[in-house]
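In order, the protein sequence lines correspond to chains A and B. With the numbering used here, letter number 8 in the first sequence gets 28, and the count goes up by one each step, no holes. With the numbering used here, letter number 186 in the second sequence gets 206, and the count goes up by one each step, no holes. Following: one structure in structure tokens, then a few remarks.
Protein chains: 2
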Amino acid sequence: MPLYIQVKEALEEDIKTGQLRIGDKLPAEIILAKRFQVSRETVRSAIRLLEEEGKVHVRHGAGTFLVNPIPRTPSSLENLMSVTSMIKYAGLEDGERREKLRVEAPILEWSSLLEMDDGQEVIVHERVRTANGEPVAFSKNILPRQLVGEAIIEQGSIGSLFKYLKEQCNIDIYRATSEIVVPLHTDPHSQKLLIHPETTVLLLKQLHYDRKNQPVLYSFDYFRNDVFKFSINRAKIDG
Amino acid sequence: MPLYIQVKEALEEDIKTGQLRIGDKLPAEIILAKRFQVSRETVRSAIRLLEEEGKVHVRHGAGTFLVNPIPRTPSSLENLMSVTSMIKYAGLEDGERREKLRVEAPILEWSSLLEMDDGQEVIVHERVRTANGEPVAFSKNILPRQLVGEAIIEQGSIGSLFKYLKEQCNIDIYRATSEIVVPLHTDPHSQKLLIHPETTVLLLKQLHYDRKNQPVLYSFDYFRNDVFKFSINRAKIDG
DNA sequence: CAGTGGTCTAGACCACCGC
DNA sequence: CGGTGGTCTAGACCACTGC
Chain A
21 MPLYIQVKEA LEEDIKTGQL RIGDKLPAEI ILAKRFQVSR ETVRSAIRLL EEEGKVHVRH
81 GAGTFLVNPI PRTPSSLENL MSVTSMIKYA GLEDGERREK LRVEAPILEW SSLLEMDDGQ
141 EVIVHERVRT ANGEPVAFSK NILPRQLVGE AIIEQGSIGS LFKYLKEQCN IDIYRATSEI
201 VVPLHTDPHS QKLLIHPETT VLLLKQLHYD RKNQPVLYSF DYFRNDVFKF SINRAKIDG
Chain B
21 MPLYIQVKEA LEEDIKTGQL RIGDKLPAEI ILAKRFQVSR ETVRSAIRLL EEEGKVHVRH
81 GAGTFLVNPI PRTPSSLENL MSVTSMIKYA GLEDGERREK LRVEAPILEW SSLLEMDDGQ
141 EVIVHERVRT ANGEPVAFSK NILPRQLVGE AIIEQGSIGS LFKYLKEQCN IDIYRATSEI
201 VVPLHTDPHS QKLLIHPETT VLLLKQLHYD RKNQPVLYSF DYFRNDVFKF SINRAKIDG
């Protein structure tokens, strides 16, 4: 375990035991360095982590101050997770699915977003997710056929798409840009989920990227908003 | 200008001029340090910035690689901005508003979220935003009366609430947790905006914090989704 | 002005990757 | 195994804050 992690955890322990309280100024970096018998840069690495996690507020020339812990949002949208994970996270049993899988010629929007060459085909994968026998989400996934190979077409059930792509296709999704849309009532995919009068539906149009920021998957994910809760942490851009 | 910023910008210049191309491995840190006549730690600070901005991918033992630039999302929700700013950002003229301002006893949900003592009152501020004579957004803002003082009650028009709070009340909002909700058609606030058949409405329930993570403002912000576009960048949590 | 964090150095050793 | 990034040190000087 690196030293700066140990220092960070020691400081967190001071917070937890109440030795440091909200609003308190932490000892100067040089003092902490002496106390923990490490160099000042090591202390700074630890404090940088605490700052990233929103536990302290560093002010040049003034000191480092303990702030309220960031309010924890249960499952926050800026953390990318697969629909399968979101269902588990919501405490639901990932039930029976109706899957459809086909090969298509992409429409211009898809081939453009996925940066595909002309003439290439896409795999279109659709499925309804259920819990307690009721539909709770619907997903339409679009992938370049070239990326996923031929095996997927014979595949009966995919399971977690993220997991399948990682293990079978060596595609590691780790980022996405998502547009949040409230679909119209006339949207046929939305209608599949509108089974209760108090149900509303939210759509995420998501373009997923691998670690090289290559687009690999475009998806339309519809969620019942009476079942799933969506939240997000927002912060001012500068200082 | 700090050295590590200069190094970062020199590297970005190499990217822009095509000396470094997507997928390329950057020279080793120690080589870059020699080239720029700085220490290795300075180079590492520069690379850390590039990594945070998603421009390079650092792999322990392998090297640092140039990746596709992160797809730029126009106005992404994780960047906190006021409704006033969102309206300007959408290219709309912030038109006539119908403002209401009153003092109330808070309901339990509000006083709890705003961490208020019993018996304290809240200021409730509502307004409709219009553009081209049509309503495009509706906001309901709830603030502890104690925080904002008495002056606000006599105030005719507030303008940008964020700006008002900063300049008149010394409250600097810099973070929020927002829940994204698709309101029901029966929601009276939502109905104010449903003036076209192809209009849908999205609601942000937002709890705003100052730099000490003290909650200072709870707001319900309704937006017409045919006028405003909402997007978000999502990333996997761990490396 | 004293105290604080921000930057920077020139080394060192370790952990990991890919050949 | 050599090359790479990850961590760490013991200093130094600078820039900012608040009294």
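Note that beta-carbon positions come from the ideal geometry of N, C-alpha and C, so glycine has one too.
Closer than 8 Å at the C-beta level to chain B, one finds these residues of the segment 198 to 218 of chain A: Ser198, Glu199, Ile200, Val201, Val202, Pro203, Leu204 and Glu218. With contacts defined as CB atoms closer than 8 Å, Val63 of chain B and Lys75 of chain B fail to qualify as a contacting pair. Chain-order list of chain A residues neighbouring Ser251 of chain B: Thr197, Ser198, Glu199 and Ile200, by C-beta distance under 8 Å. Using a 10 angstroms sphere on the CB of Ser177 of chain A, the tally of other CB atoms stays under 16, which defines it as exposed. Ranked by Cα distance from Arg118 of chain B, the first of B:Pro155, B:Glu72, B:Ala66 and B:Ile173 is B:Pro155. When Cβ-Cβ separations below 8 Å define contact, Ala82 of chain A makes no contact with chain B.
In this structure, Lys160 of chain B keeps its C-beta atom at 8 Å or more from the C-beta atom of Ser210 of chain B. With contacts defined by Cβ atoms closer than 8 Å, Ser198 of chain B and Arg165 of chain A do not form a contacting pair.
Straight through space, the alpha carbons of Gln39 of chain B and Lys120 of chain B are spaced by roughly 58 Å. Per DSSP, the unbroken alpha helix (DSSP H) holding Leu128 of chain B starts and ends at Leu128 to Leu133. When secondary structure is reduced to three states using DSSP, Ile178 of chain B falls in the coil class, being assigned neither helix nor strand. The alpha-carbon of Lys225 of chain A is positioned some 13 Å away from that of Val103 of chain A. CA-to-CA, the gap between Ser105 of chain A and Glu113 of chain A works out to about 11 Å.
Following the DSSP letters along the chain, one finds His209 of chain B inside the alpha helix (DSSP H) bounded by residues Pro208 to Gln211.
Proximity to Asp241 of chain B across B:Gln234, B:Leu181 and B:Gln26 peaks at B:Leu181, based on C-alpha coordinates. Short of 6 Å from the beta carbon of Lys45 of chain A, and not among the five residues preceding or following it, lie these beta carbons of its own chain, in chain order: Gly83 and Phe85.
Glu98 of chain B has its alpha-carbon roughly 18 Å from the corresponding atom of Pro235 of chain B.
Near chain A, meaning a CB-to-CB distance below 9 Å, the residues of the segment 45 to 68 of chain B are Glu61.
Considering only A:Ile172, A:Arg195 and A:Tyr194, the residue with the shortest C-alpha distance to Tyr184 of chain A is A:Ile172. The alpha carbon of Val221 of chain B has as its nearest neighbour, out of B:Pro47, B:Glu129 and B:Ile200, the alpha carbon of B:Ile200.
Taking 8 Å as the CB threshold, Leu167 of chain A stays off the interface with chain B. Rounded to whole angstroms, the Cβ separation of Tyr109 of chain A and Lys256 of chain B is 14 Å, and the two are not in contact under 8 Å. The Cβ of Gln234 of chain A sits closer than 8 Å to at least one Cβ of chain B. Taking each of A:Ala125, A:Thr150 and A:Ser59 in turn and checking the Cα distance to Leu23 of chain A, the smallest one comes out for A:Ser59. Contact of Asn88 of chain B with chain A by beta-carbon distance below 7 Å involves Lys232, Asn233 and Gln234. Ile127 of chain A is classed as exposed because its beta carbon has fewer than 16 other beta carbons within 10 Å across all chains shown. Judged by their CB atoms, Leu31 of chain A and Ala66 of chain A are nearer to each other than the 8 Å cut-off. Residues of the same chain with a CB within less than 7 Å of the CB of Glu135 of chain B, apart from the 5 flanking positions on each side, are Pro235 in chain order. Residues of chain A whose Cβ lies closer than 8 Å to the Cβ of Glu98 of chain B are, in chain order, Glu98, Ile252, Asn253, Arg254 and Ala255. Cβ contact annotation for Glu49 of chain B (same chain, cutoff 8 Å, sequence separation greater than five): Arg60, Val63, Arg64, Ile67 and Thr84, in chain order. Annotated three-state conformation of Ala125 of chain B is coil, per DSSP. Contact annotation: in the segment 25 to 47 of chain B, residues whose CB is within less than 9 Å of a CB in chain A are Ile42 and Gly43. Nearest CB-CB separation between Val221 of chain B and chain A: below the 8 Å threshold. For the pair Asp192 of chain A and Lys186 of chain A, the Cα-to-Cα distance works out to about 5 Å.
Linking Ser131 of chain B to Gln140 of chain B through their CA atoms gives a straight-line distance of about 8 Å.
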